[in-house]
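Chemist: Following this message is one structure expressed as structure tokens.
2 protein chains.
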Amino acid sequence: MVSERSLEVLRVIVQDYVASREPVGSKAIVERHSFGVSAATIRNDMAQLEEEELISAPHTSSGRIPTDKGYRMFVDQLADRRPLSAAQRVAIETFLGQSVDLDDVLMRTVRLLSQITNQVAIVQYPSFARAQVRHVELVGLTDHRLLTVLITDTGRVEQRVVEIEHPVDAHLLERLKSRLNTQLIGSNVDASAAILAAIRAETDPDEEVLVDRVTQALADQFAEYRHDKLVMAGAANLARTEDDFTGSIYPVLEALEQQVVLLRLFSEMVVERGGVSASIGRENESFGLGETSVIASNYRSSAGELARLGVLGPTRMDYSNNLAAVRAVARYLSRQLGDD
Amino acid sequence: MVSERSLEVLRVIVQDYVASREPVGSKAIVERHSFGVSAATIRNDMAQLEEEELISAPHTSSGRIPTDKGYRMFVDQLADRRPLSAAQRVAIETFLGQSVDLDDVLMRTVRLLSQITNQVAIVQYPSFARAQVRHVELVGLTDHRLLTVLITDTGRVEQRVVEIEHPVDAHLLERLKSRLNTQLIGSNVDASAAILAAIRAETDPDEEVLVDRVTQALADQFAEYRHDKLVMAGAANLARTEDDFTGSIYPVLEALEQQVVLLRLFSEMVVERGGVSASIGRENESFGLGETSVIASNYRSSAGELARLGVLGPTRMDYSNNLAAVRAVARYLSRQLGDD
DNA sequence: AATTGGCACTCAAGCTCTTTGAGTGCCAAT
DNA sequence: ATTGGCACTCAAAGAGCTTGAGTGCCAATT
Numbered sequence: 001m002v003s004e005r006s007l008e009v010l011r012v013i014v015q016d017y018v019a020s021r022e023p024v025g026s027k028a029i030v031e032r033h034s035f036g037v038s039a040a041t042i043r044n045d046m047a048q049l050e051e052e053e054l055i056s057a058p059h060t061s062s063g064r065i066p067t068d069k070g071y072r073m074f075v076d077q078l079a080d081r082r083p084l085s086a087a088q089r090v091a092i093e094t095f096l097g098q099s100v101d102l103d104d105v106l107m108r109t110v111r112l113l114s115q116i117t118n119q120v121a122i123v124q125y126p127s128f129a130r131a132q133v134r135h136v137e138l139v140g141l142t143d144h145r146l147l148t149v150l151i152t153d154t155g156r157v158e159q160r161v162v163e164i165e166h167p168v169d170a171h172l173l174e175r176l177k178s179r180l181n182t183q184l185i186g187s188n189v190d191a192s193a194a195i196l197a198a199i200r201a202e203t204d205p206d207e208e209v210l211v212d213r214v215t216q217a218l219a220d221q222f223a224e225y226r227h228d229k230l231v232m233a234g235a236a237n238l239a240r241t242e243d244d245f246t247g248s249i250y251p252v253l254e255a256l257e258q259q260v261v262l263l264r265l266f267s268e269m270v271v272e273r274g275g276v277s278a279s280i281g282r283e284n285e286s287f288g289l290g291e292t293s294v295i296a297s298n299y300r301s302s303a304g305e306l307a308r309l310g311v312l313g314p315t316r317m318d319y320s321n322n323l324a325a326v327r328a329v330a331r332y333l334s335r336q337l338g339d340d
Numbered sequence: 341m342v343s344e345r346s347l348e349v350l351r352v353i354v355q356d357y358v359a360s361r362e363p364v365g366s367k368a369i370v371e372r373h374s375f376g377v378s379a380a381t382i383r384n385d386m387a388q389l390e391e392e393e394l395i396s397a398p399h400t401s402s403g404r405i406p407t408d409k410g411y412r413m414f415v416d417q418l419a420d421r422r423p424l425s426a427a428q429r430v431a432i433e434t435f436l437g438q439s440v441d442l443d444d445v446l447m448r449t450v451r452l453l454s455q456i457t458n459q460v461a462i463v464q465y466p467s468f469a470r471a472q473v474r475h476v477e478l479v480g481l482t483d484h485r486l487l488t489v490l491i492t493d494t495g496r497v498e499q500r501v502v503e504i505e506h507p508v509d510a511h512l513l514e515r516l517k518s519r520l521n522t523q524l525i526g527s528n529v530d531a532s533a534a535i536l537a538a539i540r541a542e543t544d545p546d547e548e549v550l551v552d553r554v555t556q557a558l559a560d561q562f563a564e565y566r567h568d569k570l571v572m573a574g575a576a577n578l579a580r581t582e583d584d585f586t587g588s589i590y591p592v593l594e595a596l597e598q599q600v601v602l603l604r605l606f607s608e609m610v611v612e613r614g615g616v617s618a619s620i621g622r623e624n625e626s627f628g629l630g631e632t633s634v635i636a637s638n639y640r641s642s643a644g645e646l647a648r649l650g651v652l653g654p655t656r657m658d659y660s661n662n663l664a665a666v667r668a669v670a671r672y673l674s675r676q677l678g679d680d
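Given below as structure tokens:
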């Protein structure tokens, strides 16, 4: 079993290692922290920690560095719930202060989060599965080309260009539009697919091509609403912390470009209500991100949908700060979006 | 003056150096290329090239590498107009084959370009200054919140959320909407600003707040149409070619996140009609991109607007291939978008 | 039982020294 | 204009050495 003090030793090892990026030795510990015991005693404690695989030595005669398990223990039990710095609070207020447009808010949020953590920040768009149709617009662009626009009560807008072989009659278009609006408004994304299918079934052959194309486009758009989407910022920070990766940061940057990977990673993390959660090092190996840690939390959109946001960085990151930052930004964002 | 053969020597130095990333010596040149002269002769030629600052030696007794000026000469006079490989042609066809939505096409294009060049690819959205208003939609979201949607004949859609202190009367909204549509439809982005101002001036005090907010939002949206926007892909490729940068790739990644920088860089490049152009190394210094080269071309959107696209990578890049790829993709994209 | 000082031991990192070999510059001969 | 020859240069790689932070263990102390 690891003693109380040993855990304290683990804490300072994590802290010092993260701060200095150098293996931490017993002597350095007694110098920098007032444990009131000698270096030899710390060494004994470190032997315990090594026994438990919470720390390890890069080579026989050097200081120790935390293992993934050590970081895990630190995050779960040892990280102090330090509040954000005053500067960080101010940054949140000023950055997110005024703006109502969803795209805009999320863009600001992700930049903010990357700035106060110095990591890659990621914000997922709300999934909108429960979003209700507010309006459908059909707009002719040219003779053969029209635009379908889908608007939901969450303020999200999706458009799509539809191509029709023969010129489109304006009246037909108008009729189709009001029919779509009558039937779709108020229904949610799931229900809408069925409604569109029904409309297609009962259609006058004259309008067939038009209706077919338009309903198909709308169906696609509904499908897109389920597709999660995300915004990212601060990828350059990975280059700053390059040394923390054994090889190159190439695979990490690649994974970041594959947004699907991040969405899966996000979705597999368990985040309890109102909390914040971390996925550390090798825990992310299956995503090709075995040398990185991800810290995630939830926020609630105006429609009440949950979505995630968080940061990603090298396993050797400042967990205390990042946990606090992600938690604070998630809360602030929920408040910001929920105020209607 | 540099002799004919000397230029040929410069060509092989650029080619070999780009391929091997190692300084090229006289002996290696006579071995790999059949110049029919001895190494000593090549050395004399190299002395000429060095005199003209087209090549330089990293250290006294090593091979030579091209200077920025050498690359410039290569691009302007020596790069062979090699056609794309069959594989690359196929990639273009299959990647961009079917899809009409602008967002979608540009996204595919940028991915494609980054794939066939192994560089960072950048595609600018058409500027839409000449785009005409096709439709304006106002949609109530909640009592206090509504959405303004602006649709142009290019198929681009911009939306914005507007917040109003008091509940919005549906009839008022309807009236405002038809008024806006009547006056704005058909006018271009520039003219619309004036029209909106006029509407605001002649407004009944009852509607004042509503009209004010809505016109303001629309004005913002028009402004945004002038803001250029771009999509990017393949940033990970920078990490692959890390060694080509003296320090870290951090400043480069940072510049890439500042899209404004790229837009300025793009806009300052002179690209002649139907051509492709390169900006090499130090020529980009003022953008913090002194160790990178940018290859750009133009494409023409369906509305006839010009926009740029290109790739960015280390100065030591395969110019022949990248010039060909950018040219081909730009042409293909123009054709794809112009077919209405 | 926990803590401590002491001591031998280890090993990466940094230093100097040497060797190696690719490559140059120059010159006299062709 | 081209060439072979030759002395010279210098980065890179390797060997050998020193240094010092750090460990592990043990017998002595509290």
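Taken in sequence, the protein lines are chains A and B.
Quick note, the first sequence lines up with residues 1 to 340 if you use our numbering.
Quick note, the second sequence lines up with residues 341 to 680 if you use our numbering.
Ideal Cβ placement from N, Cα and C applies to all residues, glycine included.
The structure presented is a predicted model; accordingly, all values stated were derived computationally and were not measured.
Is Q464/B helix, strand or coil when you go by DSSP?
Modeler: strand
Chemist: Please give the ranges of any alpha helix (DSSP H) in the segment 342–425 of chain B, keeping only runs that are unbroken, at least 4 residues long and fully inside the region.
Modeler: 344–360, 366–372, 379–391 and 408–413
Chemist: DSSP three-state call for H171/A: helix, strand or coil?
Modeler: In this structure, H171/A counts as helix in the three-state DSSP scheme.
Chemist: Please confirm whether D680/B has its beta-carbon closer than 7 angstroms to some beta-carbon of chain A.
Modeler: Note that D680/B scores a pLDDT of 46, beneath 50, so its modelled location is shaky and nothing firm can be said.
Chemist: Identify, in the order they occur along the chain, each residue of the same chain with its Cβ nearer than 6 angstroms to the Cβ of V669/B, setting aside the five sequence neighbours on each side.
Modeler: L453
Chemist: Quick check: the Cα distance between R613/B and R671/B, rounded to an integer number of angstroms?
Modeler: 11 angstroms
Chemist: Under three-state DSSP, which class holds L306/A?
Modeler: The three-state secondary structure of L306/A, taken from DSSP, is strand.
Chemist: So, does the segment 618–636 of chain B touch the segment 406–424 of chain B, judging by three or more C-beta pairs under 8 angstroms?
Modeler: They touch, by the three-pair rule.
Chemist: Beta-carbon of A235/A versus every beta-carbon of chain B: anything under 7 angstroms?
Modeler: yes
Chemist: Which whole-angstrom value describes the C-beta separation of P363/B and P406/B, a residue pair presumed to lie in contact below a C-beta threshold of 8 angstroms?
Modeler: Not a contact, Cβ separation roughly 10 angstroms.
Chemist: List, in chain order, every chain A residue whose beta-carbon is nearer than 8 angstroms to that of L424/B.
Modeler: Under the 8 angstroms cutoff, chain A gives no residues; its nearest Cβ is about 24 angstroms from L424/B.
Chemist: Quick one, which of R656/B, S346/B, L558/B and H506/B has its alpha-carbon nearest T482/B's?
Modeler: With distances taken between Cα atoms, T482/B lies closest to H506/B.
Chemist: Identify every run of the alpha helix (DSSP H) within the segment 598–679 of chain B, keeping only runs that are complete inside it and at least 4 residues long; order them along the chain.
Modeler: Runs of the alpha helix (DSSP H) inside the segment 598–679 of chain B: 599–608 and 659–678.
Chemist: Just by C-beta distance, which residues in the segment 158–175 of chain A are closer than 7 angstroms to chain B?
Modeler: Q159, R160, V161 and E163
Chemist: By a C-beta neighbour count over all protein chains shown, 10 Å radius and 16 as the cutoff for buried, is R81/A buried or exposed?
Modeler: exposed
Chemist: Tell me where the alpha helix (DSSP H) around Q159/A begins and ends.
Modeler: From DSSP, Q159/A is part of no alpha helix (DSSP H) but of the beta strand (DSSP E) over V157 to E163.
Chemist: Just to confirm the assignment: which complete alpha helix (DSSP H) runs, minimum length 4, are found wholly within the segment 229–253 of chain A?
Modeler: 236–240
Chemist: Who are the Cβ neighbours of S320/A in its own chain at under 7 angstroms, not counting the five residues just before and after it?
Modeler: Taken in chain order, the residues that qualify are A79, D80 and R82.
Chemist: Counting only C-beta atoms, is I491/B closer than 7 angstroms to chain A at any point?
Modeler: yes
Chemist: Could you name the residues of chain A that E582/B contacts, counting a contact when the two beta carbons are closer than 7 angstroms?
Modeler: S248
Chemist: Three-state secondary structure (DSSP) at T154/A?
Modeler: coil
Chemist: Taking just the CA atoms, how far does E608/B sit from M107/A?
Modeler: 27 angstroms
Chemist: So which residues on chain A does E645/B lean against when the C-beta distance must stay under 9 angstroms?
Modeler: Those do not exist, as E645/B stays about 15 angstroms from chain A at its closest Cβ, beyond 9 angstroms.
Chemist: Go ahead and pull the three-state DSSP assignment for E137/A.
Modeler: strand
Chemist: V610/B: buried (16+ other C-beta within 10 angstroms of its C-beta) or exposed?
Modeler: exposed
Chemist: Could you name the residues of chain B that A239/A contacts, counting a contact when the two beta carbons are closer than 7 angstroms?
Modeler: S588, I589, Y590 and L593
Chemist: So for T555/B, helix, strand or coil by DSSP?
Modeler: helix
Chemist: Considering only C-alpha positions, which residue in the set G25/A, E50/A and E52/A is nearest to A40/A?
Modeler: G25/A
Chemist: Below 7 angstroms between beta carbons is the criterion; list the residues of the segment 115–142 of chain A that meet it against any residue of chain B, in chain order.
Modeler: Those residues of the segment 115–142 of chain A placed with their C-beta closer than 7 angstroms to a C-beta in chain B are R134, H135, E137, V139, L141 and T142, ordered along the chain.
Chemist: Which chain A residues are close to E597/B, counting only those with a beta carbon under 8 angstroms from its beta carbon?
Modeler: A233, G234, A235 and A236
Chemist: Taking the alpha-carbon positions, what's the E4/A to E242/A distance?
Modeler: 35 angstroms
Chemist: Here's a check: name, in chain order, each residue in its chain whose Cβ is nearer than 6 angstroms to the Cβ of V489/B, leaving out the five neighbours to either side.
Modeler: Only E477 and Q499 meet the Cβ criterion.
Chemist: Among the residues of its own chain, which have a CB less than 8 angstroms from the CB of K177/A, if the five just before and after it don't count?
Modeler: V136, E137 and L138
Chemist: Chain A partners of G495/B, CB-CB under 8 angstroms?
Modeler: L141, R145, L147, Q159 and V161
Chemist: Among R134/A, N322/A and L54/A, whose alpha-carbon lies nearest the alpha-carbon of I185/A?
Modeler: R134/A
Chemist: Kindly indicate which residue of L180/A, L49/A, L337/A and E8/A has the alpha-carbon position closest to the one of F35/A.
Modeler: E8/A
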